[in-house]
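Novice: One structure coming up, written as structure tokens, with questions to follow.
Chains as they are written, first to last, in UniProt numbering: chain R, 1 to 354; chain Y, 1 to 354.
Below you can see the structure in the form of structure tokens.
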């Protein structure tokens, strides 16, 4: 392993891996033997540490509890059939967590700390990364504000952490989505583009209401007019009208998804007409009615690509057709072939952990 | 003391009160000897507890760290010259934390737990509440999502807590504010009306930018047009044009402030023309230019009433006049006289802790 950052490492005395049923993993509920953490104190990130995974001790007045000053990332490690471990575009995650941190007034985390921490952790917990299609290790880097005190101002102490959870192929059942008409995820000039903790909790209640009506997820629309389709909260969204692929542009409300940008590139590579532009609810409803709407799918790290079965809007449901050779399945296969080192990697997205 | 809820109480062995310099308190940085907490497990709030104030142990995957599922309240206890302890409209805080919880998909907290917990805690830490004008005990009830696991869905475990910090008269120096033109605090259909943790961290970065320009606070405008003045993030805002008092109506972006609604009532009681309606940036700029704008002030629990010295908008600063007998000082005095049991209390806002 090629690392340069000095790290304080305490190994776990006994691995918990034998207790884990790798064929029955609820997403993000079981964590590996170790965790990485690094504290920001007195204006500087201190020496990073790795310790056995376990609870942390934190003051009840810590700012993360009161003011939601916290950001995170989602990544995956994949093991190929020869036992090599791969990440997918990890520099993008490092850049994005710092972009999120900037917006939340959190200090940026140094690149070599991020990569050396990640590599050392994946080296120690390598047995937790299982080969085989759909298996992966979900990686959760995050930063929390740890300063004690309830004045509403940026913290002067932070903890950066990485924890890891083994994951199986994400199967969500058939997904029906609801287009948002009343509730919103993000404001213009707000933090919707960042992976800020508070963006997620604010979706729980409207999503519960949608679930009561039989939908699994919400596709958020712009808060001002609810006329334009934006993202699904944990996924970006693509629409296929005829053979044209549509997705909303990045702005300060929409997350700059790594799976999203990879799909846009794969679509271009395949000669598909991909349009990154505002997508209106009315054009999608019209296309659904005329039969031109072929697919809607979500794209994100956890689920990779999730085809939607139907959408609801203004008390009416619109079914999507079953398509052989769908864009969703095409992009999912192409992404996974790159991620598991089963195909060539023309854009250099794969990153070997060694 | 009149309480009915069974509580598990562990008293601190030795009070820290002798170590505290009550004449030099930074806001919200020193906490009393005890804390109240109650866990929500298996669909029910368990037996409440009081324990010595100190760090809590929490899994690094707890949902509060990743998804900002947390809400809070701010209250104060006051001691009058006879040594009696008073709260100000505490039922409003209990109602509001549950309104915030509803929006964040957090279970509501029972009224008797809230009041019995508060009373028991204030009884134990009564010495920390100092009499004398400006002295108070700042009380911070809050709820955090404690379930382990990083799937983006509502937690099935929570901790409700109350912690308390002795406070002095809030002196913020002269306050210049900036009217927001680009950044936003809250979306229509979002969580701006709730005391949701994530609403606060998202203001830190724009506020830092405003501070670099010499302003202390931002007055947020509506996210869609930036044409209407809303609130200051930790305070509601009032405008006096001539002798008319203006403040924005409550909506899903603006906090329903208890100090705000008390001032509206006091203004009505005093026969002042108070208009609760949308307040446009342009009318305030026009009134400032013509000399009709007499005062702008913020109103909130921590600071009570804070007069603003000037505001900035589109790279221009507008000074506010110095006024004898200002509305700000009038309402501040009236509120404090009620809070410290120095005046009659026609609306029944005072609540004795006994």
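By construction, the Cβ of each residue, glycine as well, lies at the ideal position given by its N, Cα and C atoms.
Since the structure is predicted, the reported quantities are computational estimates derived from the model, not experimental observations.
Just to confirm the assignment, what range does the beta strand (DSSP E) spanning residue 176 (chain R) have?
Specialist: Looking at the DSSP string, the run of the beta strand (DSSP E) that includes residue 176 (chain R) is 175–179.
Novice: Might you give, ordered along the chain, the residues of its own chain that have their beta carbon closer than 7 Å to the beta carbon of residue 100 (chain R), omitting 5 neighbours on each side?
Specialist: So the qualifying residues of the chain are 71, 194, 195, 196.
Novice: Once DSSP output is grouped into helix, strand and coil, what is the label at residue 353 (chain R)?
Specialist: Strand, per DSSP.
Novice: From the beta carbon of residue 260 (chain R), is the nearest beta carbon of chain Y less than 7 Å away?
Specialist: No - not a single Cβ of chain Y is within 7 Å of the one on residue 260 (chain R).
Novice: Is the beta carbon of residue 40 (chain Y) closer than 7 Å to that of residue 158 (chain Y)?
Specialist: Yes, the pair counts as a contact, with Cβ atoms nearer than the cut-off.
Novice: List, in order along the chain, the chain R residues whose C-beta lies closer than 8 Å to that of residue 208 (chain Y)?
Specialist: Here the neighbours are 105, 154.
Novice: Please list the residues of the region 24–58 of chain Y that have a C-beta atom closer than 9 Å to any C-beta atom in chain R, keeping them in chain order.
Specialist: Those would be 26, 27, 28, 29, 30, 31, 35, 37, 53, 54, 55, 56, 57, 58, in chain order.
Novice: Which residues in chain R sit within 8 Å of residue 144 (chain Y), going by Cβ to Cβ distance?
Specialist: Going along chain R in sequence order, the residues near residue 144 (chain Y) (Cβ under 8 Å) are 65.
Novice: What distance in whole Å lies between the Cβ atoms of residue 304 (chain Y) and residue 234 (chain Y), which are believed to be in contact at a cut-off of 8 Å?
Specialist: Wrong, their Cβ atoms sit about 12 Å apart, outside the cutoff.
Novice: Take the Cβ of residue 169 (chain Y) as the centre, count every other Cβ of all protein chains shown within 10 Å, and call the residue buried at 16 or more, exposed below.
Specialist: Counting Cβ neighbours within 10 Å, residue 169 (chain Y) comes out exposed, since fewer than 16 surround it.
Novice: Give a yes or no on whether the minimum CB-CB distance between residue 183 (chain R) and chain Y is below 7 Å.
Specialist: Yes, residue 183 (chain R) counts as interfacial toward chain Y.
Novice: Please list the segments of the beta strand (DSSP E) lying wholly inside the region 88–174 of chain Y, counting only runs of 3 or more residues, in order along the chain.
Specialist: List check, beta strand (DSSP E) in window: 136–145, 158–167.
Novice: Measure from the alpha carbon of residue 207 (chain R) to the alpha carbon of each residue in Y:245, Y:153, Y:254, Y:69, then state which is nearest.
Specialist: Of Y:245, Y:153, Y:254, Y:69, the residue nearest in Cα terms is Y:153.
Novice: When the Cα of residue 217 (chain R) is compared with those of R:267, R:307, R:287, which residue comes out closest?
Specialist: If we check each option's Cα against that of residue 217 (chain R), R:307 comes out closest.
Novice: Can you tell which of R:339, R:239, R:161, R:29 has the C-alpha that lies nearest to the C-alpha of residue 81 (chain R)?
Specialist: For the residues R:339, R:239, R:161, R:29, the minimum Cα distance to residue 81 (chain R) belongs to R:339.
Novice: Helix, strand or coil: how does DSSP classify residue 191 (chain Y) here?
Specialist: Coil.
Novice: Under 7 Å between beta-carbons, which chain Y residues line up against residue 150 (chain R)? List them in chain order, please.
Specialist: Those within 7 Å of residue 150 (chain R) in chain Y are 28, 140, 165.
Novice: What's the call for residue 286 (chain Y), buried or exposed, on a 16-neighbour Cβ count within 10 Å?
Specialist: Exposed, by the Cβ-count rule.
Novice: Between residue 223 (chain Y) and chain R, is the shortest Cβ-Cβ distance under 7 Å, so that the two count as touching?
Specialist: Yes, contact with chain R.
Novice: Judging by CA-CA distance, which residue of Y:140, Y:270, Y:148 is the nearest neighbour of residue 35 (chain Y)?
Specialist: Checking every option, the nearest Cα to that of residue 35 (chain Y) belongs to Y:140.
Novice: I want to verify the contact list: residues of chain R whose CB lies under 7 Å from the CB of residue 288 (chain Y), in sequence order.
Specialist: Residues of chain R passing the Cβ test: none, with the nearest at roughly 24 Å.
Novice: For residue 199 (chain R) and residue 325 (chain R), I'd like the C-alpha separation in whole angstroms.
Specialist: Their Cα atoms are separated by approximately 35 Å.
Novice: From which residue to which residue does the beta strand (DSSP E) around residue 347 (chain Y) run?
Specialist: Premise fails: residue 347 (chain Y) is in no beta strand (DSSP E) and is neither H nor E.
Novice: Quick one: is residue 60 (chain Y) near chain R, going by C-beta distance under 7 Å?
Specialist: Yes, residue 60 (chain Y) counts as interfacial toward chain R.
Novice: Which residue comes first and which comes last in the beta strand (DSSP E) that contains residue 244 (chain R)?
Specialist: Unbroken beta strand (DSSP E) run through residue 244 (chain R): 244–247.
Novice: Helix, strand or coil for residue 299 (chain R)? Go by DSSP, reduced to three states.
Specialist: Three-state result, residue 299 (chain R): strand.
Novice: Anything in chain R within Cβ reach of residue 75 (chain Y), meaning under 7 Å, just list it in chain order.
Specialist: The contacting residues do not exist; residue 75 (chain Y) stays about 12 Å from chain R at best.
Novice: Please identify the residue among R:50, R:103, R:130, R:114 whose C-alpha is closest to the C-alpha of residue 85 (chain R).
Specialist: It is R:130 whose Cα lies nearest to the Cα of residue 85 (chain R).
Novice: Going by DSSP in three states, residue 229 (chain Y) sits in which element: helix, strand or coil?
Specialist: In the structure shown, residue 229 (chain Y) sits in a strand (DSSP, three-state: E or B).
Novice: Do we get a CB-CB distance below 7 Å when we pair residue 161 (chain Y) with the residues of chain R?
Specialist: Yes, residue 161 (chain Y) lies at the interface with chain R (some Cβ there is under 7 Å from its Cβ).
Novice: Taking the alpha helix (DSSP H) that residue 331 (chain R) falls in, what are its first and last residues?
Specialist: Element bounds for residue 331 (chain R): 327–339.
Novice: Which chain Y residues sit within Cβ distance under 7 Å of residue 357 (chain R)?
Specialist: As shown, chain R starts at 1 and ends at 354. That puts residue 357 (chain R) outside it, with no answer to give.
Novice: Is the shortest distance between the beta-carbon of residue 188 (chain R) and the beta-carbons of chain Y less than 7 Å?
Specialist: Answer yes: the Cβ-Cβ gap between residue 188 (chain R) and chain Y drops below 7 Å somewhere.
Novice: Given residue 319 (chain Y), which residues of its chain have a CB within under 6 Å of its CB, disregarding the five upstream and five downstream residues?
Specialist: So the qualifying residues of the chain are 310.
Novice: Taking a cut of 9 Å between CB atoms, which residues from the region 295–324 of chain R lie near chain Y?
Specialist: So the close ones are 302.
Novice: When you compare only the Cα positions, how much space is there between residue 230 (chain R) and residue 94 (chain Y)?
Specialist: Whole-angstrom Cα-Cα distance: 35 Å.
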